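Notes follow once the structure below has been shown.
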Amino acid sequence: MTNYDPTSTGTLDVVQEPATEMQAPTEFGAAEIAEEPTGTGVASMLGTEAAAALPEAEATPTVAAPPKPAMLPPFPIALRHVSGSYVGIANSFELDLRVDVDGARPMRRMSGDFVRIIGSTRTYFGSFVIDSLVITNTKAGEVIRGLGRFTFSASHPVLEVTIPRRRFFQPAAPATVRFLTTTNQLGATYVCSWGSPFFRSVTLQTETVSDVPAPLFTSYDTGSLPSGGPARTLSVVTAYAEAGIEVIPAAAGPVIDIAEAAGNHMWSDAELMASMATHFTHYGTAPHWDLWQLQCLEHELGPSLLGIMFDSQGRQGCAVFNFSMGGTTPDQLRTQLYCHVHELGHCFNLMHSWQKSLAKPAGVDNPSALSWMNYPQKYAGGGTGAFWAAFPFQFIDNEIVHLRHAFRAAIIPEGNPFTIGAAEIDPQVMSDPVEDVSGLDFRIEPVHSSFLLGEPVVVELRLSSFDKRPRMVHGHLSPQTSGVSIAVARPDGRAVRFEPLVDHLVSRDPQPLQEGKELSETAYLGSGKHGLYFEQPGTYKVRGIYHAPDGSRVMSNVTRIRVRYPATQEDNDVAELMLGEQQGALFALRGSDAEHLRAGNDALDTVIEKYGKHPLATYARYQKAFNAARAFKLVDDAAPKRLSVRAPDIARAQSLMNAVSAPTTRLDEISKAQGFDRLAVTLEAAGNSEGASQVRQTSQKLRAASRR
Ligand SMILES: [Zn+2]
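For the sequence shown, the numbering used here gives the first residue as 85, with consecutive numbering after it.
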């Protein structure tokens, strides 16, 4: 018989258990349980049931109390912790159980994943977590009980886990897991053998580019500078071990030789993503516990960018940039440790401390969190200096709960997209703030009054101060830096958070903004981690939230973005070609050589070749112009120095840029200016200073025009 609910069968089809432990399941068999009076509710049942099921128990049930050993030896001797992961099989299901009741920072929870085993295939089935436990010490061992939340409809949602206590030097005992209905009917029983003191395990493959100065980061002694925690030596591995997560360094290839790039050492988002896609063995396969990291010198956005989590497919890769933080002073080592741990935190789907309310389910914004996931300069308790003085080099409790117990899809790389159980957010974000005394005005406006279907949606973001006193601000108005969050309410009323393909970790300290002065930036919102945001005609509402350095959330106006219905068959055909996740990624990255985006590139080629006069062909040409204007580096094992470099095509870039920057095109001025800026850098590098300066003048004129 096929079983579709891993909690439901009562058959004791258990394996892997030592004979002595077989007593546990038989001792509390189904018949005995069935004679028990049925509790009126879970809460009352939890308090008494354990004692009833275990007649000889010297039970004093305590809610989430630290466990007290019941089988006390005649002399004081350390007992093993029972926390950690366990695995067992019953009825074609494997149960991966996580018990978190003692040891370092116990979160007083249990959680687990079911894997379905059919023949030689194993498929993930579902997860559960128990947020509130009753722990009882009995002769049989520690009995941990609670009602689970499941990703599927479980017929037997109550877990009762019995783990015999063992002395420190004895091997760990298995955990007997019984699933029960809320009326105490026994379902499936699993005997799970001890796996590891860690709750989860992930491999990390770190590749290094040759221009990162030696020595590479290994660890930091947190006692080197004043801090808010005990002094200890932390590496990425031990920092995550403290959170209960095992990070296993995976074999990396030889150093990637940047000399191949002939002086072009800066990395673009497009290059990073393409390199991961071609190089990372686990890329794009299925959810997996493997991460990829590139250590390089500098991102093309400049030295204040310390790290990014980049990934359209699902949080499996990040990069750290050593230009500003490389070195061996305590200050530099501290920043390196922080940056490595922070970026990997994003890969595990942790959000920034000040953005938690935008996740689903919503957390609580906490800009004063002393966490790896805060920015020191955004610390609401007083900025960078105060943050480091108080930071204990750890995650806060709810982050630890996520790392250890989140449903599998919400944490595993290539599981859910960044920041969600689901992408929707509270539509309340569209309503006006109760109070805003930040002294800042944040405006968001689309660059067109309406967009054609398939047209890249670009908005302008402007921040100004109307306070006589200068306001401290950061200049990161792009949603890619997490200094700004964007919410999009779709025509059907659902509100989603715009999540950029790439999340940039920036380090610039806040600057004063004088009254009447303005910062501005444009941002492409057409596609992000969840694919396309404006893929159907209708009226969208968009609002930005500026996360000020003091922790205030400055809400922008709500702007309307109208996406028109196609007027002609040609409009329709072009929209079809423009609207695709790969095309969206190409607009976000401003072009790419990546093999995994080839289908998108082909579609945009078709737009140019077949519908070259259509207004949207400009956008297809623009991303090609931008990409042609730059070299494209790719981490490539087939290349002799592990780096293949495609040289810029200046002539092509120039002619395409001239075409797309004609006054009649729909491309906005800032995007045009950025294209010319990119071209100028390449001309300069090629020794053509005169050409570069001409192109720069064009760019400046366009920027001036954009200010109107
Ligand atoms: Zn970050």
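Cβ coordinates follow ideal geometry from the N, Cα and C atoms, glycine included.
None of the values given here were measured: they were computed from a predicted structure.
Problem set entry | Neighbour-count burial assignment, Asp481, 16 or more Cβ in a 10 Å radius | exposed
For this session: Return the CA-CA distance between Asp362 and Thr246, expressed in angstroms with no decimal places.
Result: The sequence given here has Thr at residue 362, not Asp. Answer to the nearest angstrom: the Cα atoms are 47 Å apart.
For this session: Give every residue of the same chain whose Cβ lies closer than 8 Å to the Cβ of Asp689, excluding the five residues on either side of it in the sequence, and list them in chain order.
Result: Ala704
Exercise. Grouping DSSP H, G and I as helix and E and B as strand, with all else coil, what is Glu619?
Worked result: coil
For this session: Please name the residue or residues paired with Asn221 in a DSSP beta bridge.
Result: Glu226.
For this session: Take the Cβ of Val448 as the centre, count every other Cβ of all protein chains shown within 10 Å, and call the residue buried at 16 or more, exposed below.
Result: Around the C-beta of Val448, fewer than 16 other C-beta atoms lie within 10 Å, and the residue is accordingly described as exposed.
Exercise. Is any heavy atom of ligand 1 found at a distance shorter than 7 Å from the C-beta of Asp449?
Worked result: no
Exercise. Pick from Gly610, Phe475, Ala573 and Leu547: whose alpha carbon is nearest that of Gly313?
Worked result: Phe475
Exercise. Taking 7 Å as the cut-off, is the CB of Ser566 close to at least one heavy atom of ligand 1?
Worked result: yes
Exercise. Anyone know if the C-beta pair for Ile754 and Thr606 falls short of 8 Å?
Worked result: yes
Exercise. Cβ-heavy atom distance between Leu561 and ligand 1 below 7 Å?
Worked result: For ligand 1, not one heavy atom lies less than 7 Å from the Cβ of Leu561.
Problem set entry | Rounded distance between the beta-carbons of Val642 and Tyr624, thought under 8 Å | The Cβ separation is near 10 Å, so there is no contact.
Problem set entry | Complete alpha helix (DSSP H) runs within the stretch 305-376 (minimum length 4 residues, chain order) | 320-326 and 353-363
Exercise. If we ignore side chains and look at the alpha-carbon of each, how far apart do Val542 and Gly696 end up?
Worked result: 21 Å
Exercise. Looking at C-beta atoms only, is the number of pairs between the stretch 704-714 and the stretch 733-748 that lie closer than 8 Å three or more?
Worked result: yes
For this session: Pick helix, strand or coil for Trp278, following the three-state DSSP scheme.
Result: Strand at Trp278.
Exercise. Whose C-beta lies closer than 6 Å to the C-beta of Ser783 among residues of the same chain, with five residues either side of it excluded?
Worked result: Excluding sequence neighbours, Ser783 sits near Ala757, Phe760 and Asp761.
For this session: Report the residue from Ser211, Pro414 and Gln781 whose alpha carbon sits nearest the alpha carbon of Asp197.
Result: Checked all of Ser211, Pro414 and Gln781; the closest Cα to Asp197 is Ser211.
Problem set entry | Contact set for Glu355: own chain, Cβ-Cβ below 7 Å, skip 5 residues either direction | Phe716, Lys717 and Leu718
Problem set entry | Run of the alpha helix (DSSP H) containing Val691, from where it starts to where it stops | For Val691, the enclosing alpha helix (DSSP H) begins and ends at Arg682 to Lys694.
Exercise. Cβ-heavy atom distance between Leu589 and ligand 1 below 7 Å?
Worked result: yes
Exercise. Under 8 Å, do Met194 and Leu231 count as touching if we go by C-beta distance?
Worked result: no
Exercise. Which residues share a DSSP beta bridge with Ala174?
Worked result: Phe177
Exercise. What are the boundary residues of the alpha helix (DSSP H) that Met741 is part of?
Worked result: Ile734 to Val744
Problem set entry | Three-pair Cβ contact test at 8 Å for the stretch 625-639 versus the stretch 569-576 | yes
Exercise. Which residues in the same chain have their Cβ closer than 6 Å to the Cβ of Asn406, if we skip the five residues on either side of it in sequence?
Worked result: Contacts found: Val296 and Leu381.
Exercise. Between the beta-carbon of Pro90 and the beta-carbon of Phe177, is there less than 8 Å?
Worked result: yes
Exercise. In whole angstroms, what separates the C-alpha of Arg726 from that of Ser441?
Worked result: 42 Å
Exercise. Cβ atoms of Ala174 and Thr267: under 8 Å apart, would you say?
Worked result: The answer is no: Cβ separation not under 8 Å.
Exercise. From what residue to what residue does the beta strand (DSSP E) around Arg646 run?
Worked result: Arg637 to Val647
Exercise. Once you ignore the five residues that flank Ala701 on each side, which residues in its own chain have a CB closer than 8 Å to its CB?
Worked result: Val658, Val691, Ile692 and Tyr695
Problem set entry | Neighbour-count burial assignment, Leu300, 16 or more Cβ in a 10 Å radius | Exposed: under 16 other Cβ atoms inside 10 Å.
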